[in-house]
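Structure, as structure tokens:
In our numbering, the protein residues as written are 776 to 993.
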């Protein structure tokens with residue numbers, strides 16, 4: 776069993792692509808796979824980006840259909856007729872209940888079948904949209920649950936957990952992939968190539984990049 780194989784939960788966005796490049800550097804391209812989830816997201820263009828990037832980098836990609844989520848939950852991320860808004864609680868209506876829990880569960884099921892112990896997720900609680908399932912405490916608890924549920928020693932890695940978006944861009948630059956990630960990844964919730972510049976995801980991405988570049992030039 777190769778204990779150095781890794782599975783990256785991969786959306787085709789800035790964060791997961793940064794994690795993918797770091798994983799390739801850490802484990803070697805031949806030991807890295809990606810898993811991508813189709814769950815009815817309105818920004819389905821990210822699926823096209825994920826497929827293109829995986830092929831361009833020569834890493835295996837597995838795509839799972841989780842569209843059944845559309846039958847049991849409603850949110851603006853899966854309803855392109857809904858306006859994206861932020862509630863008084865601070866959580867945007869793009870929050871998908873249970874999404875990251877399901878992602879980690881299905882990733883773990885797949886990983887065990889492939890003798891993979893390292894699962895990498897690009898979640899972050901420092902500079903994010905307020906989603907409760909992006910918090911470190913959730914990921915750690917899920918790691919324990921999965922280990923107990925499958926009697927298997929998974930290690931869930933969240934390399935961006937305590938980074939700001941500016942620091943995530945800095946990491947991409949250190950990996951030598953800043954321009955690649957700027958050009959080829961998709962983040963916009965509205966599915967607009969190049970970004971709508973208004974949704975929470977675009978705002979975080981663009982503000983973080985501007986902060987990083989201004990600091991770099993200073």
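Using N, Cα and C, we set each Cβ at its ideal position, and we do this for glycine too.
For this session: Have a look at residue 979 and residue 934 and give me their C-alpha separation to the nearest angstrom.
Result: Numbered from its first residue, the chain shown carries residue 979 at position 204. Numbered from its first residue, the chain shown carries residue 934 at position 159. For residue 979 and residue 934, the distance between alpha carbons rounds to 18 Å.
For this session: Can you say whether residue 776 is buried or exposed, counting buried as having 16 or more other CB atoms within 10 angstroms of its CB?
Result: Numbered from 1 along the chain shown, position 1 holds the residue referred to as residue 776. Confidence at residue 776 is low in this model, with a pLDDT of 40, below 50, so the placement of that residue should be treated as unreliable; the coordinate-derived value is given next. By the neighbour-count rule (16 or more Cβ atoms within 10 Å), residue 776 is not buried but exposed.
Exercise. Under 7 Å, do residue 977 and residue 969 count as touching if we go by C-beta distance?
Worked result: As a position in the chain shown, residue 977 is number 202, starting the count at 1. As a position in the chain shown, residue 969 is number 194, starting the count at 1. Contact: no.
Exercise. Do you know how far the Cα of residue 964 is from the Cα of residue 851?
Worked result: Here residue 851 is taken as the residue at index 76 of the chain shown, counted from 1. Here residue 964 is taken as the residue at index 189 of the chain shown, counted from 1. Here the model assigns residue 851 a pLDDT of 47, short of 50, so the residue's position is not dependable, and the following value carries that caveat. Spanning the two alpha carbons is a distance of roughly 9 Å.
For this session: With a threshold of 16 other CB atoms inside 10 Å of the CB of residue 788, please say whether the residue is buried or exposed.
Result: On the chain shown, residue 788 is found 13 positions in, with the first residue counted as 1. Burial call: buried.
For this session: Could you work out which residue in 924, 899, 838 is closest to residue 745 when comparing CA atoms only?
Result: Summary: the structure shown does not reach residue 745, with the chain confined to residues 776 through 993, and so no result is reported for it.
For this session: Output the distance between the C-alpha atoms of residue 813 and residue 988, rounded to the nearest integer angstrom.
Result: Position 38 of the chain shown, counting from 1, holds the residue named residue 813. Position 213 of the chain shown, counting from 1, holds the residue named residue 988. One C-alpha to the other measures close to 33 Å.
Problem set entry | the segment 914-928 touching the segment 952-964, judged by at least three CB pairs closer than 8 Å | no
For this session: Would you list the residues sitting across from residue 812 in a DSSP beta bridge?
Result: Looking up residue 812 in the chain shown gives position 37. DSSP lists 839 as partners of residue 812.
For this session: Give the DSSP bridge partners of residue 807, in chain order.
Result: Within the chain shown, the letter at position 32 stands for residue 807. Residue 807 is bridged to 781.
Exercise. Would residue 759 be called buried (16 or more neighbouring beta carbons within 10 Å of its own) or exposed?
Worked result: With the chain represented from 776 up to 993, any question about residue 759 goes unanswered, as that position is not in the structure.
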